[in-house]
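Numbering (the numbering used here), first residue to last: 7 to 308. Don't be surprised by glycine CBs; every beta carbon is placed ideally from N, CA and C. Being a predicted model, the structure only gives us computed values, none of them experimental.
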């Protein structure tokens with residue numbers, strides 16, 4: 007059994023919010039609420055179905071976290087998951103720093119890494135992107151996911167190379183390129199799983215093209231329904247999958263308007279940890295919270 011089969015990429019990937027306390031550290035930043043994060047992930051990990059917890063992704067405010075804080079978050083996430091599901095942790099920064107942090111994340115017990123794009127590397131093209139991933143891979147024994155994003159468009163040639171790399175447990179696609187996923191699956195002979203973005207609204211289309219999992223920030227509030235959608239699409243029950251997809255439209259529209267503070271406010275309404283957005287201190291005002299509460303009640307999540 008190799009890393010790819012051991013990891014088993016299918017399921018939903020909950021892009022977990024990083025909760026912060028109201029008090030600040032010596033650098034004047036809101037403190038990471040590690041106990042709150044552990045509590046949140048413990049709750050999420052008990053949902054029945056295929057799920058993976060992803061910490062320190064874009065929704066997890068990785069760009070506001072130091073390397074040491076990323077490792078602390080990974081440690082808390084592994085503890086919260088309690089072996090009930092896999093934990094993936096994002097890693098960012100220049101190649102050498104990312105490799106060093108990746109090794110520490112592995113030591114914290116994470117199952118795999120999500121390698122975030124690094125703009126100076128992306129600007130240099132495919133060769134530099136490939137070498138970045140090789141450098142980070144050389145510092146770990148666990149698997150990782152390359153990240154196709156608007157800021158880093160992985161070419162099909164790169165995807166072919168990644169498919170031959172045993173440490174690549176899946177490829178993450180988040181540009182809305184449904185047809186690209188089909189091409190990627192075809193040219194790699196379906197040897198590497200594809201995990202896709204766009205949340206619940208895009209699931210039926212991506213799964214029809216060959217995706218086996220999807221990333222979702224909304225599942226911080228809707229994990230059971232998100233898993234139900236995954237199950238329907240995996241089984242090819244397309245009418246049910248489309249109906250479930252439609253259940254998320256209003257939630258997605260509200261999130262697009264209110265951003266991360268919406269999800270953090272929703273977590274707090276559920277008795278979980280949210281807190282401010284670290285970079286801005288943003289929280290939903292009373293009007294925004296009322297809108298979120300009303301919609302979550304209508305959908306049966308509160």
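Run of the alpha helix (DSSP H) containing residue i, from where it starts to where it stops
{"i": "residue 29", "result": "Residue 29 -> not in any alpha helix (DSSP H); beta strand (DSSP E) instead, spanning 26-30."}
{"i": "residue 248", "result": "244-253"}
{"i": "residue 86", "result": "73-87"}
{"i": "residue 37", "result": "Premise fails: residue 37 lies in the beta strand (DSSP E), 36-38, not in any alpha helix (DSSP H)."}
{"i": "residue 381", "result": "In the structure as shown, the chain begins at 7 and stops at 308. Residue 381 is therefore absent and cannot be evaluated."}
{"i": "residue 189", "result": "184-193"}
{"i": "residue 303", "result": "292-304"}
Backbone CA spacing between residue i and residue j [nearest angstrom]
{"i": "residue 181", "j": "residue 260", "result": "21 Å"}
{"i": "residue 288", "j": "residue 151", "result": "30 Å"}
{"i": "residue 87", "j": "residue 62", "result": "15 Å"}
{"i": "residue 199", "j": "residue 236", "result": "15 Å"}
{"i": "residue 299", "j": "residue 283", "result": "19 Å"}
{"i": "residue 240", "j": "residue 29", "result": "44 Å"}
{"i": "residue 183", "j": "residue 32", "result": "43 Å"}
{"i": "residue 229", "j": "residue 171", "result": "31 Å"}
{"i": "residue 103", "j": "residue 242", "result": "42 Å"}
{"i": "residue 81", "j": "residue 74", "result": "11 Å"}
{"i": "residue 209", "j": "residue 251", "result": "7 Å"}
{"i": "residue 286", "j": "residue 27", "result": "13 Å"}
{"i": "residue 303", "j": "residue 36", "result": "30 Å"}
{"i": "residue 113", "j": "residue 296", "result": "42 Å"}
{"i": "residue 49", "j": "residue 221", "result": "18 Å"}
According to DSSP, residues forming a beta bridge with residue i
{"i": "residue 138", "result": "Answer is none; residue 138 lacks a bridge partner."}
{"i": "residue 95", "result": "61, 119"}
{"i": "residue 177", "result": "200"}
{"i": "residue 149", "result": "118"}
{"i": "residue 154", "result": "179"}
Own chain partners of residue i with C-beta closer than 8 Å, once the 5 adjacent residues on each side are dropped
{"i": "residue 269", "result": "23, 65, 223, 224, 226, 227, 261, 280"}
{"i": "residue 94", "result": "19, 58, 59, 60, 61, 116, 117, 118, 119, 120, 151"}
{"i": "residue 294", "result": "264, 267, 268, 271"}
{"i": "residue 5", "result": "Beyond the ends of the chain as shown, which are 7 and 308, falls residue 5; an answer cannot be given."}
{"i": "residue 258", "result": "205, 206, 207, 224"}
{"i": "residue 97", "result": "62, 76, 104, 107, 108, 111, 119, 120, 121, 122, 142"}
Residue i, DSSP secondary structure in three states
{"i": "residue 268", "result": "helix"}
{"i": "residue 262", "result": "helix"}
{"i": "residue 49", "result": "helix"}
{"i": "residue 278", "result": "coil"}
{"i": "residue 118", "result": "strand"}
{"i": "residue 110", "result": "helix"}
{"i": "residue 129", "result": "coil"}
{"i": "residue 206", "result": "helix"}
{"i": "residue 283", "result": "coil"}
Range covered by the beta strand (DSSP E) that runs through residue i
{"i": "residue 222", "result": "219-222"}
{"i": "residue 18", "result": "17-21"}
Same chain only: Cβ atoms within 7 Å of residue i, ignoring 5 sequence neighbours per side
{"i": "residue 85", "result": "44"}
{"i": "residue 123", "result": "153, 155, 157, 158"}
Sequence-distant residues of its chain with Cβ nearer than 6 Å to residue i (five each side left out)
{"i": "residue 105", "result": "141, 142, 145"}
{"i": "residue 90", "result": "51"}
{"i": "residue 248", "result": "210"}
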